[in-house]
Amino acid sequence: METSLRIAGDSKALRIHAKEKFVVDPTTHIQVQGELDTRVAHPCFYSVMVRHFYPDLFASLGVGAQYDKHEKLRYFVRGKKSFPVSNNGLVNFNVKGRCVVDKEFRERKSKAAAELSWSIFNFQKEQDVRMKVGYDVFDKVPYMQIRENNWTFNANVNGKWNFSHGHNLMLEKVFAGVEVDAN
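Quick note on this note's numbering: the sequence shown kicks off at 22 and runs consecutively.
Following this line, the structure appears as structure tokens:
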């Protein structure tokens, strides 16, 4: 199980996040995650998603459901396609999207982004780093991410930011050659 402590610039609460992935087969897993708001000692959301990877296409597709603190059930579909830029696979151009709908399929919120991702193995001894710069297509906002073995910092040009700290298996898997999605 992956766990982390998270805080955002627009929040007064520290959140505890947990995520577990259950392997169905080599290219499919079920991901379950949840978050606890420490200010009110109540869960913020629960989520379950079935994720399928297409290694030959450098792509993934996920479908799932989320229940949030406003007691709203939502369904979502998400996809990601990577285009290797470097021969070693450490620099990629990613295109990703997500569509969330309410349980009656009336409200819809979409997100899409294009980003350049650079993974650096052994940036310092036993420290792996990933840097991303991207553009959120619907919000028309550039953003960046710096991710290290144990922490992640996200920010955009509008001043929004968030930070998480916890054991991050994602970079270990990337450098072991396993396809993962950081979102």
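Quick reminder that beta carbons are idealized off the backbone N, C-alpha and C, glycines included.
Beta-carbon separation (whole angstroms), residue i vs residue j, contact threshold 8 Å
{"i": "Lys266", "j": "Phe159", "result": "The requested residue 266 does not occur in the structure, where the chain is confined to residues 22 to 204."}
{"i": "His38", "j": "Arg72", "result": "That belief does not hold up - the Cβ atoms of His38 and Arg72 are roughly 17 Å apart, past 8 Å."}
{"i": "Cys65", "j": "Lys90", "result": "5 Å"}
Alpha carbon of residue i to alpha carbon of residue j, nearest angstrom
{"i": "Glu136", "j": "Lys161", "result": "13 Å"}
{"i": "Lys33", "j": "Leu26", "result": "13 Å"}
{"i": "His63", "j": "Glu169", "result": "29 Å"}
{"i": "Leu78", "j": "Gly85", "result": "22 Å"}
{"i": "Phe126", "j": "Thr48", "result": "29 Å"}
{"i": "Ile141", "j": "Asp58", "result": "33 Å"}
{"i": "Glu56", "j": "Gly187", "result": "13 Å"}
{"i": "Val45", "j": "Val69", "result": "14 Å"}
{"i": "Val61", "j": "Asp149", "result": "35 Å"}
{"i": "Phe144", "j": "Met22", "result": "25 Å"}
Neighbourhood of residue i by C-beta distance below 6 Å, restricted to the same chain and skipping five residues each side
{"i": "Val112", "result": "Val106, Trp139"}
{"i": "Phe174", "result": "Ile167, Phe184"}
{"i": "Gly83", "result": "Met70, Arg72, Arg99"}
{"i": "Tyr88", "result": "Tyr67, Leu94"}
{"i": "Val154", "result": "Leu137, Met165"}
{"i": "Val53", "result": "Glu41, Val69"}
{"i": "Lys124", "result": "Leu94"}
Residue i (DSSP reduced to helix, strand or coil)
{"i": "Asp160", "result": "coil"}
{"i": "Asp123", "result": "strand"}
{"i": "Asp77", "result": "helix"}
{"i": "Pro47", "result": "coil"}
{"i": "Ala34", "result": "coil"}
{"i": "Lys194", "result": "At Lys194 the pLDDT is 49, less than 50, meaning the model places this residue with poor confidence; the figure from the coordinates comes in the next sentence. Of the three classes helix, strand and coil, the one that applies to Lys194 here is helix, per DSSP."}
{"i": "His186", "result": "strand"}
N- and C-terminal bounds of the beta strand (DSSP E) containing residue i
{"i": "Gly180", "result": "Unbroken run through Gly180: none, as it is neither H nor E."}
{"i": "Thr24", "result": "23–29"}
{"i": "Leu94", "result": "94–105"}
Cβ shell of residue i (< 8 Å), same chain only, five flanking positions each side left out
{"i": "Ala80", "result": "Phe74, Gly100, Lys101, Lys102, Ser103"}
{"i": "Val195", "result": "Confidence at Val195 is low in this model, with a pLDDT of 46, below 50, so the placement of that residue should be treated as unreliable; the coordinate-derived value is given next. Here the set comprises Ser140, Asp149, Arg151, Val201."}
{"i": "Glu128", "result": "Val122"}
Same chain, Cβ closer than 7 Å to residue i, neighbours up to 5 away in sequence not counted
{"i": "Lys181", "result": "Gly30, Asp31"}
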